[in-house]
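Asker:
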Amino acid sequence: MYTIAIHGGAGAVTKQTILEEEDPKFRAGLKAALHKASGILKNNGTAVDAVEAAVKCLEDNPLFNAGKGAVYTKKGIHELDASIMDGSNLQAGAVAGVRNVKNPISFARAVMEKSGHVLLSGKGANDFALKMKVEMESDDYFYTKQRYDQWLKVRHTDFYHLDHITEEMPERKFGTVGAVALDKHGNVAAATSTGGMINKQFGRIGDSPIIGAGVYANNKTCAISCTGHGELFMRAVAAYDVSCLMEYKNLSLHDAMQKVVNEKLKAMHAEGGMIGVDAKGNVSLVFNAQGMHRGSIDAKGVEYVALYGDE
Ligand code: ASP
């Protein structure tokens, strides 16, 4: 038995905010990532391999705010955050504010397996990337017209929110990507990758590379990847909170996620969502925003891909 779930961000994802021609592209991107990961899991691959592969696929897709397609900072550059966690041994690796790394998730995995540390940031992280021969790309690679135009509209403001269309009509769409998986060996893993929030400044780091906030995995409980307003998800220690509710209060995966997303985070006005799997084969996709790019293949092999709240 194996399961996989992925997300491509939550927020104001509605039929009004997603262009008609973009809808099938988002779905195709999610499906490609799901299939990549399920191919690995089917062939006895590990949950860590599967979540890395799924996130890599979404990082390479310019539609999502991670890797190619990441949003611009106030300075007009890309600073990328990513994390990965192995539920079988609680090993974790993360990178924050790194530049020019093609696949931040693979770099986070190198940190987990080869650095002796958990979280590397900024220039030191980039030095380690060179040492690890992590694949690098020029600034041009990260250019996408849509993100550039978004940034042009807000770069003179202190507005640091998400992918939004105009200043008058914030789109509030978090395009971070993530994956969680259970493999045939009974191990779970989680991965999250993002460009963060558009027009972010002062070396801002969100929840995505913070273990326990934007990502968490533990075979005893679950694997979780989050997307949403990072500052609030950090303050809520959102991903670990789900695990705690399962471990200490015996809640099911779904009930624990509902409690965190639709009670705790909602009360904090923290818009977003999360995906989760547990070691029993349950999968759950929960959000308090209008929609979330999401997909899963459950323990029975049933595939599901959706964007909006009502599907
Ligand atoms: N959580 C991410 C951050 O705050 C944003 C997102 O989910 O899109 O950096």
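For the record, in the sequence shown the residue sitting at position 171 is 219 according to the numbering used here, with numbers rising by one throughout.
For every residue, glycine included, the Cβ atom is placed at its ideal position computed from N, Cα and C.
Residue range of the alpha helix (DSSP H) that Glu100 falls in?
Answerer: Working through the sequence shown from its first residue, we reach residue 100 at position 52. Residues Ala95 to Glu107.
Asker: Helix, strand or coil for Phe335? Go by DSSP, reduced to three states.
Answerer: On the sequence shown, position 287 is the one that residue 335 refers to. Correct three-state label for Phe335: strand.
Asker: Measuring CB to CB, does Ala238 end up less than 8 Å from Val225?
Answerer: Taking the first residue of the sequence shown as position 1, residue 238 is located at position 190. Taking the first residue of the sequence shown as position 1, residue 225 is located at position 177. Taking 8 Å as the Cβ cut-off, Ala238 and Val225 do not qualify as a contacting pair.
Asker: Is any heavy atom in the ligand ASP found nearer than 7 Å to the beta carbon of Gly262?
Answerer: Taking the first residue of the sequence shown as 1, we reach residue 262 at position 214. For the ligand ASP, at least one heavy atom lies less than 7 Å from the Cβ of Gly262.
Asker: Would you call the region 76 to 85 and the region 114 to 130 touching, i.e. three or more CB-CB distances under 8 Å?
Answerer: no
Asker: Could you compute how far the alpha carbon of Gly343 sits from the alpha carbon of Arg195?
Answerer: Taking the sequence shown and counting its residues from 1, the one referred to as residue 343 is at position 295. Taking the sequence shown and counting its residues from 1, the one referred to as residue 195 is at position 147. CA-CA distance, Gly343 to Arg195, rounds to 24 Å.
Asker: In whole angstroms, what separates the C-alpha of Glu279 from that of Ala286?
Answerer: Here residue 279 refers to the residue found at position 231 of the sequence shown. Here residue 286 refers to the residue found at position 238 of the sequence shown. Roughly 11 Å between the two C-alpha positions.
Asker: Is the CB-CB distance between Ile153 and Ser241 below 8 Å?
Answerer: Looking up residue 153 in the sequence shown gives position 105. Looking up residue 241 in the sequence shown gives position 193. Closer than 8 Å, so yes.
Asker: Since Met340 sits in a beta bridge, which residues does DSSP pair it with?
Answerer: By one-based count along the sequence shown, residue 340 stands at place 292. In the DSSP output, where bridge partners are listed per residue, Met340 has Ala58.
Asker: Any chance the CB of His277 is under 7 Å from a heavy atom of the ligand ASP?
Answerer: Locating residue 277 in the sequence shown gives position 229, where the first residue counts as 1. It does: the Cβ of His277 is within 7 Å (strictly closer) of some heavy atom of the ligand ASP.
Asker: State buried or exposed for Leu67, treating a residue as buried only when at least 16 other CB atoms are found within 10 Å of its CB.
Answerer: Stepping through the sequence shown from its first residue, residue 67 is reached at position 19. Exposed, since its Cβ has fewer than 16 Cβ neighbours within 10 Å.
Asker: Could you name the residues that DSSP lists as bridge partners for Gly141?
Answerer: Translated into the one-based positions of the sequence shown, residue 141 becomes position 93. The partner list for Gly141 (beta bridge, DSSP) reads Ile132.
Asker: Secondary structure at Glu215, three-state DSSP: helix, strand or coil?
Answerer: To locate residue 215, count along the sequence shown from 1; it is residue 167. With a pLDDT of only 46 at Glu215, under 50, the local geometry of the prediction cannot be trusted, and the value read off the model is given with reservation. Correct three-state label for Glu215: coil.
Asker: Relative to the C-alpha of Asn137, which residue among Glu161, Leu106 and Cys292 is closest?
Answerer: Residue 137 sits at position 89 when you count from the first residue of the sequence shown. Asn137 has its Cα closest to that of Glu161, out of Glu161, Leu106 and Cys292.
Asker: Taking 7 Å as the cut-off, is the CB of Gly172 close to at least one heavy atom of the ligand ASP?
Answerer: In the sequence shown, the residue the question calls residue 172 occupies position 124. Not under cutoff, so the answer is no.
Asker: Hey, how far is the Cα of Lys260 from the Cα of Ala140?
Answerer: Position 212 of the sequence shown, counting from 1, holds the residue named residue 260. Position 92 of the sequence shown, counting from 1, holds the residue named residue 140. Looking at the sequence itself, residue 260 is Gly, so the reference to Lys does not match. Their Cα atoms are separated by approximately 10 Å.
Asker: Determine the closest residue to Ala337 out of Ser300, Gly357, Tyr288 and Glu351, with distance taken between C-alpha atoms.
Answerer: As a first step, residue 337 must be located in the sequence shown, where it is residue number 289. When each option's Cα is compared against that of Ala337, the closest is Gly357.
Asker: Determine the contact status of Asn113 and Gly57, defining contact as a CB-CB distance below 8 Å.
Answerer: Working through the sequence shown from its first residue, we reach residue 113 at position 65. Working through the sequence shown from its first residue, we reach residue 57 at position 9. The answer is yes: Cβ separation under 8 Å.
Asker: Taking just the CA atoms, how far does Ala318 sit from Asn247?
Answerer: What you label residue 247 is simply residue 199 of the sequence shown in a count that begins at 1. What you label residue 318 is simply residue 270 of the sequence shown in a count that begins at 1. Each residue's Cα considered, the two are about 19 Å apart.
Asker: Should Phe176 be listed as close to the ligand ASP, given that the test is whether its C-beta is under 7 Å from any heavy atom?
Answerer: Start at 1 with the first residue of the sequence shown, and residue 176 comes out as number 128. No, the beta carbon of Phe176 sits no closer than 7 Å to any heavy atom of the ligand ASP.
Asker: Using the three-state DSSP reduction, which class does Ser241 fall into: helix, strand or coil?
Answerer: Within the sequence shown, numbered from 1, the residue matching residue 241 stands at position 193. In this structure, Ser241 counts as strand in the three-state DSSP scheme.
Asker: Output the distance between the C-alpha atoms of Gly59 and Lys171, rounded to the nearest integer angstrom.
Answerer: Numbered from its first residue, the sequence shown carries residue 59 at position 11. Numbered from its first residue, the sequence shown carries residue 171 at position 123. So the two alpha carbons sit approximately 31 Å from each other.
Asker: With DSSP collapsed to three states, give me the class of Tyr50.
Answerer: Here residue 50 refers to the residue found at position 2 of the sequence shown. Tyr50: coil per DSSP, three-state reduction.
Asker: If you draw a straight line from the C-alpha of Val143 to the C-alpha of Arg283, how long is it?
Answerer: Position 95 of the sequence shown, counting from 1, holds the residue named residue 143. Position 235 of the sequence shown, counting from 1, holds the residue named residue 283. About 19 Å.
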